[in-house]
Amino acid sequence: MALKPAAAYRNTIRADPEGVVWWFAGRVRRLSDDGVVVHPNDLASCRAADLQRVLRQLEEAGGFNGAVLVSATDEGYMAEDGAPVAPVSFSLHGGHLALDIVYASDDYEDDGVPTHHATLVQPVVARSALTVLDWSVDENYASPPWLWHASFRCPTRGRSLLDLFDVGTEMVLLLEAAASGELTRESVAGLVRGGHLSALVGQPEGHWLDVKTQHYDLSGPAGRISLAQSVSRFANAEDGGVVVVGMSAKRVAGGEEIRGVTPLPLDARMVRRYHQALDERVFPPVYGLTVEHVTVNGGMVMLIDVPPQPEELKPFLVHGAIIDGRVEGTFISIVRRRGEASIPITAPMIHAQLAAGRALLRGDTQPDAT
1 MALKPAAAYR NTIRADPEGV VWWFAGRVRR LSDDGVVVHP NDLASCRAAD
51 LQRVLRQLEE AGGFNGAVLV SATDEGYMAE DGAPVAPVSF SLHGGHLALD
101 IVYASDDYED DGVPTHHATL VQPVVARSAL TVLDWSVDEN YASPPWLWHA
151 SFRCPTRGRS LLDLFDVGTE MVLLLEAAAS GELTRESVAG LVRGGHLSAL
201 VGQPEGHWLD VKTQHYDLSG PAGRISLAQS VSRFANAEDG GVVVVGMSAK
251 RVAGGEEIRG VTPLPLDARM VRRYHQALDE RVFPPVYGLT VEHVTVNGGM
301 VMLIDVPPQP EELKPFLVHG AIIDGRVEGT FISIVRRRGE ASIPITAPMI
351 HAQLAAGRAL LRGDTQPDAT
């Protein structure tokens, strides 16, 4: 039987007085040893305010005082001991609904949360109006990766349990993507490939990450040169980089910040067109370069992943340049990334690399003074 919308239920969540049997949008769920277990399919039809109300009632009556867990296991086995559960759950904290997350990290702090953990999820916390209630490491672990627990008070008005569950999932994805430190090119590319682009909203652009709202205009030389320069500047950098086409950014104090996902019309042919433009304009070919489309919200984004390149392949050259807004097709341009900006490689730098290459071919260890 199809579920009715949450608004069709006077109370989308109910429980018996002991908190043993629950009803989530009409579906029966039962208590396990660790808490009541619900299915992800239950969440969209259940109001967060209703869960807060039921948890308060049970706490006041001295009944259930545990967690509401989420498991994608077959519904017949969800409440069994050992059934896998999501790292995002719900509980009552000081009379208010709390969103609880668990994640693994190589970072350990004796007192408090590692600063960069809090910084990483701050954009999610801010836009979701969460308040940190607790953040602590599980002391039962004797070696890394350490297990961290965090709880957040969350506003319930107008929100479904799925809304809050998605917020918790975003934080877990970000924290585990940066399990051994800060976000990396590889972890961000993984988030994009998995369709978790909203987790990047609020994160800064930087020396290895660039986002663009619309496709490069590949119908003319200016757009093809612009694409080639975007790729070559990361290829000439130390760490490589990622370009995501289909996300917006806004200038803030200190740089650019990712502000949203702006899906492009779904067109798998764009991958081939991007490759053709890069093959035509970039020399030598970028080793390990991947260009792919990722389906999201009925559209797509383009992901260009540029791994760090061997030094002997550098500098990467672009056939063509844009000077004062004009396309100069016979020019060669060489750019590299510095922070959020692109800078040209200077003539002395090019000469030094050429001289070093000639010396290497001759077997010299010192520059030729003659």
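In our numbering, the protein residues as written are 1 to 370. We put the CB at the ideal spot given by N, CA and C, even for glycine. Please read these numbers as outputs of a predicted model, since none were measured by experiment.
Burial state of residue i (16 or more Cβ within 10 Å)
i, result
"glutamine 276", "exposed"
"tyrosine 274", "buried"
"threonine 156", "buried"
"alanine 177", "buried"
"tyrosine 77", "exposed"
"isoleucine 343", "Summary for isoleucine 343: the model assigns pLDDT 46, below 50, so the residue's position carries little reliability, and this model does not support an answer."
"aspartate 107", "buried"
"serine 91", "buried"
"aspartate 279", "exposed"
DSSP three-state assignment for residue i, whether helix, strand or coil
i, result
"proline 221", "helix"
"alanine 8", "Because alanine 8 sits at a pLDDT of 44, beneath the cut-off of 50, its placement in the model cannot be relied upon, and the point is left open."
"serine 143", "coil"
"valine 167", "helix"
"tyrosine 274", "helix"
"histidine 196", "coil"
"histidine 293", "strand"
"serine 230", "helix"
"aspartate 279", "helix"
"arginine 159", "coil"
"glycine 339", "In this prediction, glycine 339 scores a pLDDT of 45, lower than 50, which makes its location untrustworthy; the coordinate-derived value is nonetheless stated afterwards. Looking at glycine 339 - three-state DSSP - the assignment turns out to be coil, as it is neither helix nor strand."
"leucine 175", "helix"
Residue i versus residue j - alpha carbon distance
i, j, result
"leucine 227", "lysine 314", "18 angstroms"
"glutamate 139", "glutamine 214", "48 angstroms"
"glutamine 57", "alanine 15", "10 angstroms"
"aspartate 42", "leucine 130", "23 angstroms"
"cysteine 154", "threonine 295", "30 angstroms"
"glycine 63", "arginine 47", "21 angstroms"
"proline 221", "isoleucine 258", "28 angstroms"
"glycine 19", "glycine 190", "40 angstroms"
"valine 282", "histidine 293", "21 angstroms"
"alanine 371", "leucine 133", "Because the chain here runs from 1 to 370, residue 371 falls outside it and cannot be looked at."
"proline 265", "glycine 299", "5 angstroms"
"alanine 199", "serine 187", "12 angstroms"
Residue nearest to residue i in terms of C-alpha spacing, selected from the options
i, options, result
"threonine 12", "Ser32, Gln52, Thr290 and Val37", "Gln52"
"leucine 175", "Arg14, Lys250 and His117", "His117"
"isoleucine 322", "Arg224, Gly35 and Thr184", "Arg224"
"valine 36", "Ala61, Glu75 and Glu60", "Glu75"
"threonine 262", "Ser230, Glu292, Val201 and Phe283", "Val201"
"proline 84", "Leu197, Gly95, Leu69 and Ala98", "Leu69"
"serine 128", "Pro114, His96, Glu311 and Val167", "Val167"
| request: Would you check if the stretch 229-245 and the stretch 201-214 touch, i.e. whether three or more CB-CB distances between them fall below 8 angstroms? | output: yes
| query | When the Cβ atoms of the stretch 242-251 are set against those of the stretch 303-313, are three or more pairs found closer than 8 angstroms? | reply | yes
| request: Could you say if the stretch 31-39 and the stretch 140-156 meet the contact criterion of at least three C-beta pairs nearer than 8 angstroms? | output: no
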